[in-house]
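Asks: Please find one structure pasted underneath; my questions will follow.
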Amino acid sequence: MKLAHIHLQYDRLKRHHALALAGGDEIAFLDLAHALRIWVELKAPVTAIAKTKCISLSLPHHTPPKFIKRSLQGATHISMPLASGVESPGVQIQGITITNRALSPEEIKRRAMAGPPVATVSKMNFSEWLAAGVVEIPSETDGHPHVMLSREMLIKRVANVLGASHPAGSENADEFENRFDNIVLQLHGLRLADGYPSTYYQLLEIAGQIFQNLEPIRAISP
954 MKLAHIHLQY
964 DRLKRHHALA
974 LAGGDEIAFL
984 DLAHALRIWV
994 ELKAPVTAIA
1004 KTKCISLSLP
1014 HHTPPKFIKR
1024 SLQGATHISM
1034 PLASGVESPG
1044 VQIQGITITN
1054 RALSPEEIKR
1064 RAMAGPPVAT
1074 VSKMNFSEWL
1084 AAGVVEIPSE
1094 TDGHPHVMLS
1104 REMLIKRVAN
1114 VLGASHPAGS
1124 ENADEFENRF
1134 DNIVLQLHGL
1144 RLADGYPSTY
1154 YQLLEIAGQI
1164 FQNLEPIRAI
1174 SP
């Protein structure tokens, strides 16, 4: 993989992120999803380059505190930390949690005191970071009430199912990946600020984290 091509894809992702963040329409978001899909394919060479050049990418990740995990046990919920925060026209989106049960006054107070989720620098390489979970959502599989979607799986299924990389309905994925399609569509139906699907806010965060933290690789001369 030529470094010049990685630079090109870096600049491409940065441009599509800016267009989508500026209040882009459906087309802008689909283009962002397709640009991110390329970075899933670039994970091996990017990880290898960072290792060879001794570059620490300092990729951010959020792990919910134990009291949050305990409060979600046994309750159907959707958890999308968006811990780095995503700017939206007129509002910042951060810390989306929908719990399908009444919270006790103590739980409400403790969540309020904890504040919004915060991303911390991880020791993961780029491949590991893409494989880390970012969204927990109700599952359709008996015995597994919830499923955790990784950054990579979310990118791939949004790009494929919603028509960013293939015409919607014509994609051919393996059985393992297909099982996430209805879950991703359910998540896509959750609308946030300006009526944008929650999936797009997650892609905005991932894209922003990539071009901000992979800047040391962009700075390497081809």
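Under the numbering used here, think of the first position of the sequence shown as 954, with each following residue one higher. Backbone N, C-alpha and C define an ideal beta-carbon position, used for all residues, glycine too.
Let me check understanding here. Comparing Cα to Cα, which of 1012, 988 and 1002 lies closest to residue 1192?
Replies: Since the first residue shown for the chain is 954 and the last is 1175, residue 1192 is missing from the structure and cannot be characterised.
Asks: Please name the residue in 1028, 1068 and 998 whose C-alpha comes closest to that of residue 912.
Replies: The structure shown has nothing for residue 912, since the chain only spans 954 to 1175.
Asks: With a 10 Å radius around its C-beta and 16 neighbouring C-beta atoms as the bar for buried, classify residue 1109 as buried or exposed.
Replies: Of the residues assessed, residue 1109 falls on the buried side of the cut-off, its CB having 16 or more other CB atoms within 10 angstroms.
Asks: Given that a residue counts as buried once 16 or more other Cβ atoms are within 10 Å of its Cβ, and exposed if not, what is residue 1020?
Replies: exposed
Asks: Using DSSP with H/G/I as helix, E/B as strand and the rest coil, what is residue 1102?
Replies: strand
Asks: Classify residue 1073 as buried or exposed, calling it buried when 16 or more other Cβ atoms lie within 10 Å of its own Cβ.
Replies: exposed
Asks: Pick helix, strand or coil for residue 998, following the three-state DSSP scheme.
Replies: helix
Asks: Judging by CA-CA distance, which residue of 1147, 1050 and 1160 is the nearest neighbour of residue 1043?
Replies: For residue 1043, the closest of 1147, 1050 and 1160 by C-alpha to C-alpha distance is 1147.
Asks: Please state the DSSP three-state secondary structure of residue 1033.
Replies: strand
Asks: So is residue 1107 buried or exposed if we call it buried at 16+ other beta carbons inside 10 Å?
Replies: buried
Asks: Measure from the alpha carbon of residue 1060 to the alpha carbon of each residue in 1139, 1082, 1022 and 1038, then state which is nearest.
Replies: Relative to the Cα of residue 1060, the nearest Cα in the group 1139, 1082, 1022 and 1038 belongs to 1022.
Asks: Pairing CB atoms from the stretch 1064-1084 with CB atoms from the stretch 1003-1015, are three or more of them under 8 Å?
Replies: Enough Cβ pairs lie closer than 8 Å, so yes.
Asks: Just reading off the alpha helix (DSSP H) that residue 1151 is part of, what are its end residues?
Replies: 1151-1166
Asks: State the beta-bridge partners of residue 1045 as determined by DSSP.
Replies: Residue 1045 is bridged to 1040.
Asks: Can you tell me whether residue 1155 is buried or exposed? The criterion is at least 16 other CB atoms within 10 Å of its CB, across all chains shown.
Replies: Residue 1155 counts as buried, since no fewer than 16 other beta carbons sit within 10 angstroms of its beta carbon.
Asks: Using the C-alpha atoms, what's the distance from residue 958 back to residue 1101?
Replies: 32 Å
Asks: Nearest-angstrom Cα distance between residue 1068 and residue 1164?
Replies: 27 Å
Asks: Return the Cβ separation of residue 1140 and residue 993 in integer angstroms, given the expectation that the two are a contact with Cβ distance under 8 Å.
Replies: The Cβ separation is near 18 Å, so there is no contact.
Asks: How far does the alpha helix (DSSP H) with residue 1172 in it extend, from its first residue to its last?
Replies: From DSSP, residue 1172 is part of no alpha helix (DSSP H); its letter is neither H nor E.
Asks: Please report the residue range of the alpha helix (DSSP H) in which residue 955 lies.
Replies: Element bounds for residue 955: n/a, residue is neither H nor E.
Asks: Given residue 1105, which residues of its chain have a CB within under 7 Å of its CB, disregarding the five upstream and five downstream residues?
Replies: 993, 1083 and 1084
Asks: If you draw a straight line from the alpha carbon of residue 1038 to that of residue 1005, how long is it in whole angstroms?
Replies: Approximately 31 Å between the Cα atoms of the pair.
Asks: Who are the Cβ neighbours of residue 969 in its own chain at under 6 Å, not counting the five residues just before and after it?
Replies: Excluding the 5 residues flanking it on each side, residue 969 has same chain C-beta neighbours closer than 6 Å at 984, 985 and 988, in chain order.
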